[in-house]
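Trainee:
Chains as they are written, first to last, in the UniProt record's numbering: chain H, 1 to 543; chain S, 1 to 543.
1. If you run the structure through DSSP and keep just helix, strand and coil, what is residue 293 of chain H?
2. Determine which residues of the segment 218 to 242 of chain S have a Cβ less than 7 Å from any Cβ of chain H, and write them out in chain order.
3. Rounded to a whole number of angstroms, what is the C-alpha to C-alpha distance between residue 82 of chain H and residue 123 of chain S?
4. Do the segment 400 to 411 of chain H and the segment 506 to 518 of chain H make contact, defined as three or more Cβ pairs closer than 8 Å?
5. Answer yes if the segment 442 to 456 of chain H comes into contact with the segment 309 to 327 of chain H, meaning at least three C-beta pairs across the two stretches below 8 Å, and no otherwise.
6. Counting only Cβ pairs nearer than 7 Å, list the residues of chain H close to residue 54 of chain S.
7. Can you tell which of H/91, H/457, H/383 has its C-alpha closest to the C-alpha of residue 367 of chain H?
8. Considering only the alpha carbon of each residue, which of H/507, H/240, H/187 lies closest to residue 551 of chain H?
9. From which residue to which residue does the alpha helix (DSSP H) around residue 355 of chain H run?
10. Secondary structure at residue 106 of chain H, three-state DSSP: helix, strand or coil?
11. Step through the CB atoms of chain H and report whether any lies within less than 9 Å of the CB of residue 582 of chain S.
12. Can you give the Cα-Cα distance for residue 322 of chain S and residue 455 of chain S, rounded to whole angstroms?
13. Any contact of the segment 19 to 29 of chain S with the segment 154 to 174 of chain H, i.e. 3+ C-beta pairs under 8 Å?
14. Grab the span of the beta strand (DSSP E) containing residue 240 of chain S for me, first residue to last.
15. Buried or exposed for residue 92 of chain S, please, with buried defined as at least 16 other CB atoms from any protein chain shown within 10 angstroms of its CB.
16. Just tell me which of H/174, H/110, H/77 has its CA closest to the CA of residue 10 of chain H.
17. Distance, Cα to Cα, residue 451 of chain H vs residue 261 of chain H?
18. Ends of the alpha helix (DSSP H) at residue 438 of chain S?
19. Any idea what DSSP makes of residue 268 of chain H, helix, strand or coil?
20. To which residues of the same chain is residue 191 of chain H closer than 8 Å at the C-beta, ignoring the five residues directly before and after it?
21. At a CB-CB cut-off below 8 Å, which residues of chain S make contact with residue 177 of chain H?
22. Would you list the residues sitting across from residue 393 of chain S in a DSSP beta bridge?
23. Please report whether the beta-carbon of residue 373 of chain H lies at a distance below 9 Å from any beta-carbon of chain S.
24. Which residues does DSSP list as the beta-bridge partners of residue 590 of chain H?
25. Note down, in chain order, all residues in the segment 1 to 23 of chain H with a beta-carbon under 9 Å from any beta-carbon belonging to chain S.
26. Nearest-angstrom Cα distance between residue 317 of chain H and residue 277 of chain H?
27. So, for residue 274 of chain S: in the same chain, excluding its five sequence neighbours on each side, which residues have a beta-carbon less than 7 Å away from its beta-carbon?
28. Roughly how many angstroms separate the alpha carbons of residue 144 of chain H and residue 54 of chain S, rounded to a whole number?
29. Given that a residue counts as buried once 16 or more other Cβ atoms are within 10 Å of its Cβ, and exposed if not, what is residue 259 of chain S?
30. By the three-class DSSP mapping on this structure, what secondary structure does residue 535 of chain S have?
31. Applying a beta-carbon distance threshold of less than 7 Å, which residues of chain H neighbour residue 386 of chain S?
32. Between the segment 351 to 359 of chain S and the segment 368 to 385 of chain H, can you find at least three pairs of beta-carbon atoms closer than 8 Å?
33. For a cutoff of 9 Å on Cβ pairs, would you count residue 430 of chain H as touching chain S?
34. DSSP three-state call for residue 403 of chain S: helix, strand or coil?
35. Anything in chain H within Cβ reach of residue 517 of chain S, meaning under 9 Å, just list it in chain order.
36. Quick check on residue 359 of chain S: buried or exposed, where buried means 16 or more other Cβ atoms within 10 Å of its Cβ?
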């Protein structure tokens with residue numbers, strides 16, 4: 001009886017590092033061959049450049065580098081294994097998003113991606129021309145129909161591959177994560193497999209790249225749409241799929257299936273992965289962050305420690321007159337719990353020095369948010385000085401609800417290289433904090449229980465100037481993710497006053513978000529490449 | 001003898017303000033009718049939304065608003081005038097970039113743009129489906145072939161309009177400016193007109209929208225490619241083109257042609273327009289900027305005064321120990337020359353207060369750029385405090401050469417809402433300063449003549465750490481605008497040491513640029529939507 005071992009190589013490329021990614025590919029194939037007896041190894045979409053390569057695709061030497069890398073792979077990859085790997089390729093003047101097939105030292109076939117996403121975070125039509133032809137390659141009697149990512153979200157390329165005689169569909173992906181994406185993806189694969197009555201092997205990358213994070217979850221569904229094998233999410237992994245021929249059809253044997261995790265664990269893993277890869281791939285020694293005694297910085301600290309270990313994390317409490325005693329106590333307590341470097345730098349001398357210098361200019365004016373922002377900016381300057389001196393990246397700690405309505409100070413609490421919770425709504429910040437504490441206590445319970453406050457004025461609470469976070473987040477999800485109009489949100493049961501206030505704040509604060517650090521995107525509409533709004537904007541709320 | 005008066009309406013829409021833009025259109029048609037006896041009025045591409053509307057196109061109420069606006073136009077626009085105007089329109093489920101034709105209260109025809117640019121700053125395939133059909137409308141016996149912007153850069157849609165029987169090609173545009181674009185555009189129109197032996201009427205918008213600035217220069221070339229009429233650049237304008245019928249062909253009468261301006265005047269006008277529109281359309285009372293005694297802030301101040309008038313400009317000199325006496329003198333002198341508000345706020349008390357607070361953390365470390373950045377950040381905090389208190393936008397003053405190599409301090413001299421010279425290389429900063437002084441003295445000559453210095457350390461000069469600006473800019477233009485590899489630049493005659501240093505700096509500083517304020521784009525590759533590079537990037541220089 002014929003069989004075929006296909007290994008799904010769920011890897012983490014470094015964008016732009018073409019020689020390094022080729023080395024990773026060569027090493028991966030050897031390992032898949034030695035450990036799993038691979039007949040076929042499938043790597044992710046655009047693996048040789050990493051995804052997304054963005055305007056590196058326009059560089060003059062891109063093609064030379066890829067030619068060299070592919071030549072080296074052809075010379076070094078072990079024999080008798082068929083390798084399918086993604087890279088960009090120019091053919092007859094047009095650039096394509098391709099999958100190449102390497103066998104016994106020869107690149108024997110190429111497929112060009114047909115469906116090029118150009119929405120949300122994707123800009124593929126900026127670079128690529130669409131392919132039009134299917135590709136089926138045969139190995140050990142099995143005919144593999146090659147597809148790339150978006151192709152499998154469309155019916156046409158999938159049916160085309162079936163009609164070209166494929167026994168097994170193999171799709172290379174660089175499919176970024178957002179909440180619930182893993183289950184959406186699986187439902188889609190089940191539907192497509194049933195539609196064409198063929199098994200589908202789906203190979204996705206993992207790791208973080210700027211605002212994107214990839215969750216992996218590479219898998220195989222059988223011709224009835226049943227999940228047969230699945231690699232873990234959030235880790236580099238080689239997972240074999242054993243196909244056997246039964247009555248002329250190639251059927252995947254049931255193998256290991258990574259168990260589902262809770263929504264909280266899944267999201268938390270995304271944040272840890274995004275931060276870890278940003279810091280490590282950028283070569284930072286570690287991170288420094290301001291610890292305020294509030295929930296956002298507390299969760300960010302826990303994520304940082306889980307991503308980098310406590311030795312690489314430096315926390316600073318920067319109290320002022322409005323900092324509550326319990327904030328100081330809780331910050332110190334958490335730093336101790338997690339074993340991170342910790343120092344206390346009061347900001348009063350600097351704030352007062354600025355106010356004295358500005359006294360003449362401000363004469364006759366009322367106290368307003370200027371003074372609040374000044375506190376926040378003195379903290380920002382301190383963090384940046386520590387960052388510069390110690391080579392640590394500043395971790396920004398504002399959540400999505402704040403970034404949406406501009407409840408953050410430019411050059412103040414918004415300073416930093418990366419924000420692990422940038423795309424996490426405040427209500428989810430609480431959920432994640434509580435969930436993480438069930439694993440082990442990392443956040444003092446009082447931080448979770450007390451009412452949130454920016455502590456920039458006496459007795460200030462977030463609810464003084466914003467709707468409660470349950471309401472705020474519910475409005476924001478509808479406005480940002482749902483593109484609903486203010487009127488439609490009001491019709492869904494929210495107060496007109498709240499909705500108009502929130503919607504206007506979101507529109508007005510585009511200028512702030514444009515200067516915010518990048519952070520890991522975990523919703524369907526992150527603030528970044530995902531949501532492209534004008535700053536100068538005459539749009540008024542209304543139907 | 002038949003004749004036809006076509007009025008080119010070179011307008012400045014407000015992005016997102018659909019009702020307001022419709023009002024502008026109604027008013028414009030009335031004026032064109034009364035003052036010029038218009039038979040046809042042509043307005044720019046996507047005029048009703050403004051260009052580019054970006055993700056506002058995804059909003060649920062976009063279509064309702066456009067329907068209302070077009071209904072109001074149909075009811076209010078004067079009779080007997082044919083109006084051609086751009087707007088997005090959904091037809092059979094697809095969104096198109098359209099030109100609609102309004103006549104005597106009826107929308108009688110629509111054209112859908114065929115060539116959708118998706119490169120550089122353009123993302124039109126993110127939103128629009130391409131049209132496939134030509135549109136020719138007849139008025140007073142003249143058959144007008146309608147095209148939209150990119151269509152006229154391609155041969156196919158132009159020939160299609162001719163084949164459909166057009167006598168005159170009419171193209172609606174939102175064509176952003178870059179240096180030399182006006183002459184490139186004119187050459188293209190000459191070529192296209194000759195190719196199909198038809199006159200072309202080209203209507204472009206003017207004004208600034210975030211990083212884009214539109215120069216206008218609406219014009220008509222005759223069937224031989226000869227410029228017959230041209231509206232001024234950089235101003236709202238209604239300019240008529242008189243067509244007469246001669247031997248069965250429609251020929252434009254020679255009319256007013258706006259004279260060419262120098263490259264310096266053209267670029268300077270772009271910067272003034274970009275800044276003026278950003279500030280006014282955002283509703284700021286004015287701007288505040290740090291005046292250092294150096295050339296960048298001096299030029300920025302001159303631009304700000306030309307854009308907004310001296311009453312709306314507030315300049316602050318923020319000296320420290322390393323600020324030369326001549327810097328103080330020249331800053332004061334320029335503020336006096338231009339009649340702007342001016343104050344001096346020394347930063348020593350704040351800098352020293354930070355250093356004392358950080359003394360324990362910094363114990364045993366060497367002095368490095370941390371201390372330099374600290375000075376710059378104290379200035380940033382002061383400017384932001386003035387901005388917050390007085391409702392003035394901070395004008396950022398870093399040039400493109402600095403932004404390219406990261407010779408700027410995040411949250412220091414990079415603070416601000418807008419940067420008028422963000423896309424101007426240092427060598428051009430000098431050219432513009434000298435040119436502006438020939439009009440009237442606005443920058444003390446010594447500011448132009450002295451060697452550039454950031455004045456963040458004793459006796460510091462820019463040339464200590466960078467190649468001279470002629471060399472630096474020559475390398476940058478090749479690397480950024482030309483996408484040349486380091487090796488190709490070296491082969492063009494530059495030192496390998498300089499080239500590798502510059503190229504590495506450019507690649508490494510993407511994280512800084514990502515948090516920079518927007519500023520007016522005036523080259524073919526501005527740092528913004530134009531050049532999309534990964535921050536985490538393993539690309540190494542080399543062929």
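Just so it is clear, CB atoms sit at the ideal spot from N, CA and C, and this is done for glycine as well.
Model, not experiment: these values are computed from the prediction.
Mentor: Considering the structure as presented:
1. Here the question's residue 293 of chain H lines up with position 293 in the first chain. Three-state DSSP puts residue 293 of chain H in coil, outside helix and strand.
2. none
3. For the purposes of this step, residue 82 of chain H is taken as residue 82 along the first chain, with counting starting at 1. For the purposes of this step, residue 123 of chain S is taken as residue 123 along the second chain, with counting starting at 1. Cα-Cα distance, rounded: 38 Å.
4. yes
5. yes
6. Position 54 of the second chain, counted from the first residue, corresponds to residue 54 of chain S. Those within 7 Å of residue 54 of chain S in chain H are 532, 533, 534.
7. The residue labelled residue 367 of chain H in the question sits at position 367 within the first chain. Selected option, being the one with the closest Cα: H/457.
8. One cannot answer for residue 551 of chain H here, as it falls past the ends of chain H, which runs 1 to 543.
9. Within the first chain, residue 355 of chain H is the residue found at index 355, counting from 1. Where residue 355 of chain H is concerned, the enclosing alpha helix (DSSP H) stretches over 348 to 362.
10. Position 106 of the first chain holds residue 106 of chain H. Here residue 106 of chain H sits in strand by DSSP.
11. A question about residue 582 of chain S goes unanswered here, because the residues of chain S that appear run from 1 up to 543.
12. Taking the first residue of the second chain as position 1, residue 322 of chain S is located at position 322. Taking the first residue of the second chain as position 1, residue 455 of chain S is located at position 455. The straight-line gap from Cα to Cα measures roughly 6 Å.
13. no
14. By one-based count along the second chain, residue 240 of chain S stands at place 240. Start and end: 237 to 246.
15. The sequence position of residue 92 of chain S within the second chain is 92, counting from 1. Exposed.
16. Taking the first chain and counting its residues from 1, the one referred to as residue 10 of chain H is at position 10. Cα-wise, what sits closest to residue 10 of chain H is H/174.
17. To locate residue 451 of chain H, count along the first chain from 1; it is residue 451. To locate residue 261 of chain H, count along the first chain from 1; it is residue 261. Approximately 30 Å between the Cα atoms of the pair.
18. For the purposes of this step, residue 438 of chain S is identified with residue 438 of the second chain, where counting begins at 1. Unbroken alpha helix (DSSP H) run through residue 438 of chain S: 426 to 439.
19. Counting from 1 along the first chain, the entry for residue 268 of chain H is found at position 268. If DSSP states are grouped into helix, strand and coil, residue 268 of chain H belongs with the helices.
20. What you label residue 191 of chain H is simply residue 191 of the first chain in a count that begins at 1. Taken in chain order, the residues that qualify are 225.
21. As a working mapping, residue 177 of chain H is identified with position 177 in the first chain. Result: empty, since nearest Cβ-Cβ is about 16 Å, beyond 8 Å.
22. Residue numbering aside, residue 393 of chain S sits at position 393 when the second chain is read from its first letter. In the DSSP output, where bridge partners are listed per residue, residue 393 of chain S has S/287.
23. Counting from 1 along the first chain, the entry for residue 373 of chain H is found at position 373. Chain S, which has a Cβ nearer than 9 Å to the Cβ of residue 373 of chain H, makes this yes.
24. Given a span of 1 to 543 for chain H in the structure shown, any question on residue 590 of chain H remains unanswerable.
25. 13, 14, 15, 16, 17, 18, 19, 20, 21
26. Along the first chain, read from residue 1 onward, the residue named residue 317 of chain H stands at position 317. Along the first chain, read from residue 1 onward, the residue named residue 277 of chain H stands at position 277. Between residue 317 of chain H and residue 277 of chain H, the C-alpha separation is close to 26 Å.
27. As a first step, residue 274 of chain S must be located in the second chain, where it is residue number 274. The residues are 208, 213, 420, 520.
28. The residue labelled residue 144 of chain H in the question sits at position 144 within the first chain. The residue labelled residue 54 of chain S in the question sits at position 54 within the second chain. Distance between the alpha carbons of residue 144 of chain H and residue 54 of chain S: 40 Å.
29. Reading the second chain from its first residue, position 259 is the one you call residue 259 of chain S. Residue 259 of chain S is exposed by the Cβ-count criterion.
30. Taking the first residue of the second chain as 1, we reach residue 535 of chain S at position 535. Note: residue 535 of chain S maps to coil in three-state DSSP.
31. Taking the second chain and counting its residues from 1, one reaches residue 386 of chain S at position 386. Within 7 Å Cβ-Cβ: 361.
32. yes
33. Walking along the first chain from the start, residue 430 of chain H turns up at place 430. It does not: the Cβ of residue 430 of chain H has no partner Cβ on chain S nearer than 9 Å.
34. Along the second chain, read from residue 1 onward, the residue named residue 403 of chain S stands at position 403. Residue 403 of chain S: helix per DSSP, three-state reduction.
35. Sequence index remark: in the second chain, residue 517 of chain S carries index 517 (1-based). Simply 511, 514, 515.
36. As a first step, residue 359 of chain S is located in the second chain; it is residue number 359 there, counting from the start. Exposed, by the Cβ-count rule.
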